[in-house]
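Residue numbers (this note's numbering), protein chains in the order written: chain A, 1 to 219; chain B, 220 to 464; chain C, 465 to 685.
Every residue gets a Cβ at the ideal spot worked out from N, C-alpha and C, and that includes glycine.
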């Protein structure tokens, strides 16, 4: 059985709420009657074994997949009614990086800037922050897995979306980058943002409002 | 109206309904088929021009009409599946497609068999035969696409989208093939264009058409039931059903 | 519009870096054209009769080949998934793909038409018709091919499935385009055929981008 362990704190408004969510994939019930919610200023960590349905849950929350049962609410409204608003306020970075190997770091970032409707800007400083100075014009297929992950996470430094849904953002990152990313999370939460992420790691930065949802592996 | 329809979209209800209708439909279909075909094949007068060979229309025409009708039924199910995201409708698309493909194949084969004594060859690029062949390709495309994904649900949705694209294209294809045919063929083949039919031949034909329709519905009921069980096998109601058996 | 411009720039960059993606289908087109005379014999009269069919079958096969890989990379590396989640940029993305796909596969066929006319012994009137039908027809080839590519992007079996789905949909275009060329070589007017091709193109232009978006969405779900 699943025991949703929510330590939800009543700080700020509930941004996204899912009630009684169920998901069946490939004839296997991943989870049933799952309640999940995230408030402004809150970081929600979803943990669980491989194959427990973490990514499937994130994809349902991001509106990519449909739950087999249950409903989703964005700011108390059924998601279908306010889908355009929700999608505009959501930054989803999935298991795959979302960067094209044939393009350079700069070109990938300017693509995502355009896709987010943000004016082009000087990205050299941003890449330097991410520890990619000197690699701006190298095609991403030449970068290491950790460096590619950094390019993909660069979106988080210019997006103006409130809700971030991140699937395993720490994969392949080194310790320095992990700490830097968590500090960036902290700043985002301070501003009233909200984050849902999956990870196996325990977070090293103490977030003010942090909750954890443990998905059990079901046969 | 949608409130009233909504409970009928529940897989369990559809499963029960299909189970209740199937025996009646299949019995009615078989009786109609026997009546229509025996009447048509044995008891109607021979054609003054074509002799006895015309009698194949009692299989050919119903199959051809229902191959088109089945495609539109599939497209309607596909439209419902995509617009209202109703899973039963998705599964119906996959339940209908093979039945339609078989009807199309029957229409093609009987059409060829009819063509042999009439035109002296098994295959002629006649407009209606060509359209029927293209229709078979469209059916096969839907079936192939539905099986091409590792996720059954994605396959069903993709097949639904293709069925809708197909039904928009079907009239365009049909008319372009007819136009192409009049461009390339002489008048020799158009004697079948609109055959006026004697009432004594018409009645058994209508009964056969109805029989094909009812049998199609029966087969779809059967296939849909299987699809529902396959896709809902982890739901409590299916487990109860199995335990009750 | 800014977004669309940026997206088109990105696609053009990718085309410049992955030249094989669009050069190989063109080469395929030319080779298929050369095989026909070898198969049916080089008699100029025979070639002139068969030219419309040969050109158009080669064209639709090569466009289909080029379309197949169109969404593969962006699907594999998660770009499409993230664009679907963001929803708003999806239309610009699809339009950019459609435009650059035609630019890299359809337009070169139009530019190659003099060579085609030379190889297949097409006369001046036929060449003009060939040019017009290719101009009107290749965008439609691209539209349908891109739709098929979007529909099968996450399918296990790629290329041959795409051909199975899309080739039947090409039939009307094949009929009217070859009929226009035939009419031209016999000195008849072919405005009617061109008008029908234009109508089909506009119809497809209105509906197919929506179908592509729907196909991409269901492939990431």
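Residues of the segment 548-561 of chain C whose Cβ lies closer than 7 Å to any Cβ of chain A, in chain order: 548, 549, 550, 551, 552, 553. For the pair residue 84/A and residue 551/C, the CB atoms are nearer than the 8 Å cut-off. Residue 147/A and residue 96/A have their alpha carbons spaced roughly 14 Å apart.
Boundaries of the beta strand (DSSP E) around residue 194/A: 194-198. Counting only runs of at least 4 residues, the segment 353-440 of chain B fully encloses the following alpha helix (DSSP H) elements, listed from N- to C-terminal order: 371-403.
At a cut-off of 8 Å between beta carbons, residue 82/A makes no contact with chain B. In the structure shown, residue 451/B falls within a coil segment according to DSSP collapsed to helix, strand and coil. Taking 8 Å as the threshold, the shortest C-beta distance from residue 33/A to chain B does not fall below it. Looking at the backbone, the Cα of residue 295/B and that of residue 590/C are separated by about 43 Å. 317/B is the residue among 317/B, 348/B, 335/B, 447/B whose C-alpha sits nearest the C-alpha of residue 365/B. Using a CB distance cut-off of 8 Å, residue 368/B counts as an interface residue toward chain C.
Nearest to residue 141/A by alpha-carbon distance, out of 175/A, 109/A, 102/A, is 102/A. A straight-line Cα-Cα distance of about 16 Å links residue 193/A and residue 93/A. By the Cβ neighbour-count rule, residue 240/B is exposed, with fewer than 16 other Cβ atoms within 10 Å of its own. Using a C-beta cut-off of 8 Å, the segment 202-216 of chain A makes contact with the segment 44-53 of chain A, since at least three inter-stretch Cβ pairs fall below that distance.
If you compare the alpha carbons of 594/C, 593/C, 631/C with that of residue 611/C, the shortest gap goes to 631/C.
Taking the Cα positions, residue 112/A is about 50 Å away from residue 235/B.
Across the segment 663-679 of chain C, no CB contact with chain A closer than 9 Å is found for any residue. Residues of the segment 440-462 of chain B with a Cβ closer than 7 Å to any Cβ of chain A, in chain order: 452, 453. In chain order, 64, 65, 66 make up the part of chain A whose C-beta sits under 7 Å from the C-beta of residue 685/C. Put simply, of 22/A, 17/A, 29/A the residue whose alpha carbon is nearest the alpha carbon of residue 217/A is 29/A. Interface residue (Cβ-Cβ distance to chain C less than 8 Å): residue 73/A is not classified as such. Burial of residue 289/B is indicated by the presence of at least 16 other C-beta atoms within 10 angstroms of its C-beta.
In the structure shown, residue 95/A falls within a coil segment according to DSSP collapsed to helix, strand and coil. The distance from the Cβ of residue 18/A to that of residue 70/A is about 6 Å, consistent with a contact at the 8 Å cut-off.
In terms of CA proximity to residue 277/B, 421/B leads the group 399/B, 421/B, 433/B, 448/B.
When C-alpha distances from residue 480/C are compared across 643/C, 565/C, 559/C, the shortest belongs to 565/C. Bounds of the beta strand (DSSP E) holding residue 215/A are 209-215. Close CB contacts of residue 456/B within its chain, under the 7 Å cut and outside five residues either way in sequence, are with 231 (chain order). Inter-segment contact for the segment 341-354 of chain B and the segment 279-288 of chain B is present: three or more beta-carbon pairs are separated by less than 8 Å. Per DSSP, reduced to three states, the secondary structure at residue 577/C is helical. The CB of residue 395/B comes closer than 7 Å to the CB of 635, 636, 639, 640 in chain C, given here in chain order. The beta carbons of residue 100/A and residue 537/C sit closer together than 8 Å.
Only 304 from the segment 279-313 of chain B bring a Cβ to less than 8 Å from some Cβ of chain A. Our two residues, residue 82/A and residue 572/C, have alpha carbons roughly 44 Å apart in a direct line. Between the segment 646-657 of chain C and the segment 553-565 of chain C, the count of C-beta pairs closer than 8 Å stays below three; the two stretches do not touch.
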